[in-house]
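If you're matching them up, the sequences are chains A and B in order. Per this note's numbering, residue 1 is the first one in the first sequence, and the count goes up by one each step. Per this note's numbering, residue 1001 is the first one in the second sequence, and the count goes up by one each step. What follows is a single structure, written as structure tokens, with notes after it.
There are 2 protein chains.
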Amino acid sequence: VTDIRRTPNHQGAPPVVGDLASFPSHAALARSLTDAGGHGTLSTLTPDGHPYGSLVAFVAADDGTPYLLASELAEHSRNAHREARAGLFVAAADVPDDADRLARPRVTLLGGLAPFDASPDDRDRYLERHPQAQRYVDFPDFSWWRLHVARVRYVGGFGVMSWVDGHAFRAATADPVVNHADGILAHMNDDHADACLLYARHLAGAGDATAATAVGVDRHGFTLWAETPAGPQVARVAFGEPVDSARAVRAAAVDLVSRARQRAAADGA
Amino acid sequence: VTDIRRTPNHQGAPPVVGDLASFPSHAALARSLTDAGGHGTLSTLTPDGHPYGSLVAFVAADDGTPYLLASELAEHSRNAHREARAGLFVAAADVPDDADRLARPRVTLLGGLAPFDASPDDRDRYLERHPQAQRYVDFPDFSWWRLHVARVRYVGGFGVMSWVDGHAFRAATADPVVNHADGILAHMNDDHADACLLYARHLAGAGDATAATAVGVDRHGFTLWAETPAGPQVARVAFGEPVDSARAVRAAAVDLVSRARQRAAADGA
């Protein structure tokens, strides 16, 4: 599957048709990756000025601010005590083994890394996501650190990227669907290819499409890769209203089929 | 499985017994991760001095020097043109979903990142590892970059870590077994738990072990987690001679069983 999940904006990209306003914002997509928590690469600065990447297990606070538990003995802790400027790189988890990782979403959060006093809720949230940390959460040499996000670089895949301001990042909300896209897309393409073609032809402006593949899904709608006599097009169709969970996509997809059929009948197709 | 693959050196770690000299060097283990190629997090420096992590697909030259193909438009290329100091973070690939990533090996390579003229062999090696790069290898805005490694931080898991000098890194050779350890360890523990206990008792100095689990394997031998009446021990047993492939571990393991039985008989056990 060609993974064009967002508005492609690189040279040579196919035209994008349909409901362009319904593409999720990069701020929301960045929040989707961050709020899922998990493992990331923390970049800190060594005493001799090299950017130093290391593995961390993090979660995000309600406003998307990532925080983590680190040993005072770890290089990244020593580095951050000297120099707060840091970055956290997070890629989508659960990438299929055969996936082209460079075509998959990821995000880099830049800002200042500083120790903080984790509340009991912060601690519970962390241990729920990283239960193995129970073993060392009470060690005296472990401390809580959080990254105050100043700027965000979101990369959705080839040629799909932008900078997001820290305030916009904190104000956005994670998309409840996009982290579950793989399963939904596989289901649509394996079992409902006819629906995808209906969407492309009658709802997304690719009226002469001969085939369509779902390549993206989020709370606002589907992104389709449509084959047309004039070449491929990226075709976007919006749900009637945003869905609030991955589970709700099914009903929204069925509703889109009804709308597409009504439109087809009205168009005399 | 407790993942103690290397000499534990943190406080409170169990005693290590057996053939300690046979543990692989951290230089060789760093080369094993690097020479496998794959994806890593490149850390570069933004104009405002933040360390910036981004996804790259890399391979290693014969001396372990990592190199990669990058668009001139990418942030990391712009950053590296301004400031060569960079880092490449590489974690073991194909980690089981339920694994504790913080207990798994990873490496950070620090040095200077600079463009270079890739030879046809360099190019072939890269495209063999990353066939998807065929799509853009000839794009005019893509260039080859390599990281001249000045220092290496190897982290084998909790409390198992050291700095390795760039010269030692380049002089070391990758271990042909360690990247295949998961499958070998699962086989040993599932089907040959009796052999592991023989090793621990009669070859690795844990004579009163009541159970033993293989937790590490490399070209030089097995690392075992042995339960004894006095508490757990890490027990190391060396092969008769280093093996040259993962496949050769089987014969070496059988040979160790013979040696352990002979020793047991000689000891009157």
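Even glycine gets a Cβ: it sits at the ideal position worked out from N, Cα and C. Since we're looking at a predicted model, the values are computed, not measured.
Show which residues of chain A have a CB atom less than 8 Å away from the CB atom of residue i.
i, result
"L1055(B)", "F89, A91, R101, L102, R106 and V155"
Which of the three DSSP states is assigned to residue i in this structure?
i, result
"D986(B)", "Given a span of 1001 to 1269 for chain B in the structure shown, any question on residue 986(B) remains unanswerable."
"L1197(B)", "helix"
"P115(A)", "strand"
"A1057(B)", "strand"
"F169(A)", "helix"
"T1034(B)", "helix"
"V1177(B)", "coil"
"Y1136(B)", "coil"
"V1257(B)", "helix"
"R1153(B)", "strand"
"H263(A)", "Before going on, a small fix: residue 263(A) reads as Arg here, not His. Three-state result, R263(A): helix."
"P1131(B)", "helix"
"S25(A)", "coil"
"V249(A)", "helix"
"H39(A)", "strand"
"D1019(B)", "coil"
"D191(A)", "helix"
"D94(A)", "coil"
"D244(A)", "coil"
"A13(A)", "coil"
"T7(A)", "In this prediction, T7(A) scores a pLDDT of 37, lower than 50, which makes its location untrustworthy; the coordinate-derived value is nonetheless stated afterwards. It is coil, neither helix nor strand."
"T1002(B)", "Unreliable positioning characterises T1002(B) in this predicted model, as indicated by a pLDDT of 35, which lies under 50. A coordinate reading is not provided."
Express the C-alpha separation of residue j and residue i in angstroms, rounding to a whole number.
i, j, result
"T1210(B)", "A1092(B)", "32 Å"
"W163(A)", "V1137(B)", "26 Å"
"V1160(B)", "V254(A)", "54 Å"
"T1173(B)", "L1110(B)", "19 Å"
"V178(A)", "R250(A)", "14 Å"
"D1062(B)", "A57(A)", "33 Å"
"M188(A)", "V152(A)", "32 Å"
"L147(A)", "A70(A)", "13 Å"
"L127(A)", "Q134(A)", "6 Å"
"Q132(A)", "D1100(B)", "7 Å"
"D208(A)", "R201(A)", "6 Å"
"G1049(B)", "A1086(B)", "12 Å"
"A238(A)", "A226(A)", "16 Å"
"T213(A)", "A1195(B)", "52 Å"
"R259(A)", "G240(A)", "9 Å"
"L20(A)", "G216(A)", "13 Å"
"P105(A)", "D94(A)", "12 Å"
"V17(A)", "V90(A)", "30 Å"
"H1220(B)", "D1165(B)", "22 Å"
"R31(A)", "T228(A)", "34 Å"
"S1191(B)", "S25(A)", "Looking at the sequence shown, residue 1191(B) is not Ser but Asp. Whole-angstrom Cα-Cα distance: 52 Å."
"H1076(B)", "H130(A)", "30 Å"
"T1034(B)", "Y1154(B)", "11 Å"
"G112(A)", "L102(A)", "27 Å"
"L198(A)", "D175(A)", "25 Å"
"G64(A)", "F169(A)", "7 Å"
"G53(A)", "L1203(B)", "39 Å"
"T1044(B)", "L73(A)", "24 Å"
"Y1067(B)", "D1122(B)", "9 Å"
"S1119(B)", "A1171(B)", "22 Å"
"A1028(B)", "F139(A)", "31 Å"
Name the one or two DSSP bridge partners that residue i has.
i, result
"E227(A)", "A211(A) and P232(A)"
"G183(A)", "None, per the DSSP bridge assignment."
"V100(A)", "Per the sequence presented here, residue 100(A) reads as Asp, with Val not at that position. Bridge partners of D100(A): none, in fact."
"H148(A)", "G112(A)"
"Y1052(B)", "T1044(B)"
"R106(A)", "A91(A) and V155(A)"
"G1221(B)", "D1218(B) and A1238(B)"
Listing by chain order, which chain A residues have their CB less than 7 Å from the CB of residue i?
i, result
"E1075(B)", "R153"
"H1039(B)", "R101"
Cβ closer than 7 Å: which chain B residues qualify as neighbours of residue i?
i, result
"G49(A)", "R1085"
In chain E, which residues lie less than 9 Å from residue i when you measure between Cβ atoms?
i, result
"Y52(A)", "This model lacks chain E altogether; the protein chains it does include are A and B."
Kindly list, in the order they appear in chain B, the residues whose Cβ is closer than 8 Å to that of residue i.
i, result
"T46(A)", "L1110"
"Q134(A)", "Result: empty, since nearest Cβ-Cβ is about 11 Å, beyond 8 Å."
Does any heavy atom of the ligand HEM sit closer than 6 Å to the C-beta of residue i?
i, result
"V178(A)", "Among the components modelled here there is no ligand, and therefore nothing to report on the ligand HEM."
Let me know the alpha helix (DSSP H) ranges lying completely inside the region 1063-1092 of chain B, each 4 residues or longer, listed in chain order.
1075-1082
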